[in-house]
Each structure stands twice: as C-alpha cells, then as structure tokens.
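Residue numbers (this note's numbering): 37 to 350.
Positions of the beta carbon are idealized from the N, C-alpha and C atoms, including for glycine.
Remember, it's a predicted structure, so these values are computed and weren't measured experimentally.
To start, the structure under review is shown below, and the notes come after it.
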C-alpha cells in the first residue's frame, strides 16, 4: 500500500483457523472501508520472500519465519496475534503416542533412523521439531521438508515419512481420510507458541488507520470463532470450497486458543524461538523483542486480558 494505492495487499496461508477466510468470506472489511487484495502462499517462508520483493503489505504468518526475515534485513513488525499452539504431530497406528510413552525422549526415540515430515525449512513446525530433537539429544532422526503442508498426509500414507508435524487440520485430515492419528497434541509441543500473528512491513505503520480498522475486524473474527464457531466454520467452508463445516469445526477444537492480543506470554514464547533459531543456525543473531513487535495498535483494539485460554463457547 502506497500513497497512490489504497489497497491492502495481504498474504495468507491455507490454514483454516486463521481469520483470513472469515474476512475474505464476509463484508466486514468492506464495511470498514478497507480494500484488500488477497494472495495465497504455500508457507511462511514463501510469504517472507514475497514481502522481501515488496509484493504484499500484511501477512498471516508464524513468528519463526518473521524472525528469519528480520535477520535478513527485512523491516517487519508483528502488530497482533491470532492463535497459539498450532502445531501437532500425527503418525500411523504403529507409532506410540506421547501419552503411551514414558516421556518425550522415549516418544522421539521411535523415529531413530526414520524421517519426520514438516512444512518448509524455517516454518514454525520445522523449527519446533528441530528444537525437540536437539533438546532431547536425538540425532539420528531426519526431517523431510515439504513445500506445501497439504503434501504431508500422502507422504505419510506412502511411507516416505513415519510422522508429520503441522497444523490441527493435518490431524483432522489424517483421521478422516487416512490411517494416521494424533500422537502429540498441540499443548505438549511448545507451550504458548505463536502459531500465527499479523505482521506488516514497518513502512505501513506510517499510516495506521487502515491497520487499526483491519485489526478491529480481525479481533471480531477471533471472537466469532470463540463464541460462534459453527457460524465461523460455515463461512470458512464456503469461502475455501475445499472442506465442509464439520471439518473446520474439528480443526477449531483441536487447539481452541484464539485471540488477537499480544500478551507477555506470547512475546516470551516468541523470544524463546529467537534464541532457538540462532542455536539452530537459522539466524545470525538473537533478534530483539523491539525489532519483532509493535503492540501500539493492538493494545488500542484489544486492551485488557487476553482470551487465548478461554476456549470455545460452542
């Protein structure tokens, strides 16, 4: 968005619990006089590349790719949250779940000499699995990165990988259309991890009114998911044309942690990612909190206590 172009160019993912599909499928933004242009990307790293090429102004994205982008010199700011704990692990019936194992090292040892599939290198799912393996000293498990998360169920079915990490929708797909099951729930992988946030090029902060309006609608959509998940799911199903209402509802319920706020827990978890990314060699330095976040607008739109732990009021 420049002075001569009032259209907000938004990059988003296929993740069905993001508010993107609610905003695309309703006139909520239009009522706020916000004109948008939406572009779908395969992954967070692809969104960062598009921001680097000045193709989009605002993005729905996990925080690790953002930190990597900042390390590369991109001037970005996370101005709102959206969801926490959006990574799960699935595997075939021959794999014990975390609950069936003594602890996380015991669980991970099952994959010795095998591969775990994740979305692209640098995605939040890739970083979480790499960190888990390093933390527990598991060195003989390989990670296979796929350009689209949608490829993971087939890769599991074809025995290319033994387990996969991705969004809650991955678990729903595995249960409905394959023989896999949820083996590690979202809450057990990385507490309060910043599943996604709203990130902008910092130049956008010079004209905050469109962003404030966008965040008001984003917050309203988060509230719709929490208080009227069935209506939200219906909108998402109709907008995507790829899944039905029940599928979306099931995905909502796997990790029901929705809010637009940026509380201290969200920030602390993100800063843990910043240290992990340096330890893994993904970035050259630990990126500072002030280089990642600008809470000015969301603190106006969503003052007070966050709702990430409030669940769904179905």
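From this set, the options, which residue's C-alpha is nearest residue i's C-alpha?
i           : options               : result
residue 218 : 232, 135, 311 and 197 : 135
residue 202 : 177, 127, 251 and 57  : 127
residue 282 : 294, 313 and 266      : 266
residue 56  : 330, 261, 339 and 143 : 261
residue 239 : 68, 86 and 94         : 94
residue 234 : 131, 309, 297 and 140 : 297
residue 208 : 224, 229, 186 and 227 : 186
residue 276 : 54, 44 and 45         : 54
residue 184 : 153, 213, 109 and 310 : 153
residue 73  : 119, 317 and 59       : 59
residue 172 : 61, 140 and 148       : 140
residue 315 : 212, 164, 65 and 138  : 164
residue 63  : 191, 257 and 224      : 257
What would DSSP say about residue i, mapped onto helix, strand or coil?
i           : result
residue 38  : Since pLDDT at residue 38 reaches only 43, below the 50 mark, its modelled position is unreliable, and no value is offered.
residue 340 : coil
residue 143 : helix
residue 105 : helix
residue 72  : strand
residue 53  : coil
residue 223 : helix
residue 345 : coil
residue 352 : The requested residue 352 does not occur in the structure, where the chain is confined to residues 37 to 350.
residue 297 : coil
residue 166 : helix
residue 307 : helix
residue 112 : strand
residue 272 : helix
One question on the structure: do residue i and residue j come within less than 8 Å of each other, judged by their Cβ atoms?
i           : j           : result
residue 231 : residue 121 : yes
residue 89  : residue 312 : no
residue 272 : residue 253 : no
residue 104 : residue 145 : no
residue 222 : residue 124 : yes
residue 75  : residue 52  : no
residue 210 : residue 189 : yes
residue 44  : residue 250 : yes
residue 96  : residue 118 : yes
residue 179 : residue 229 : no
residue 215 : residue 332 : no
Between residue i and residue j, how many whole angstroms is the CB-CB distance? I'm expecting something under 8 Å.
i           : j           : result
residue 328 : residue 114 : 6 Å
residue 151 : residue 197 : 5 Å
residue 181 : residue 156 : 5 Å
residue 321 : residue 162 : Between residue 162 and residue 321 the Cβ distance is about 20 Å, and since that is not below 8 Å, they are no contact.
residue 248 : residue 337 : 7 Å
residue 299 : residue 263 : Not quite, the Cβ-Cβ distance comes to about 19 Å (not below 8 Å), so this is no contact.
residue 148 : residue 177 : 6 Å
residue 83  : residue 47  : 5 Å
Below 7 Å, is the gap between the Cβ of residue i and the nearest heavy atom of the ligand MN?
i           : result
residue 212 : Because no ligand of any kind appears in the structure shown, any question about the ligand MN cannot be addressed here.
Report yes or no: do three or more beta-carbon pairs, one from the stretch 203 to 217 and one from the stretch 96 to 114, lie closer than 8 Å? no
Taking one C-beta from the stretch 295 to 308 and one from the stretch 328 to 345 each time, how about it: are there three or more such pairs within less than 8 Å? yes
With a cut-off of 8 Å, do at least 3 Cβ pairs link the stretch 283 to 294 to the stretch 76 to 88? no
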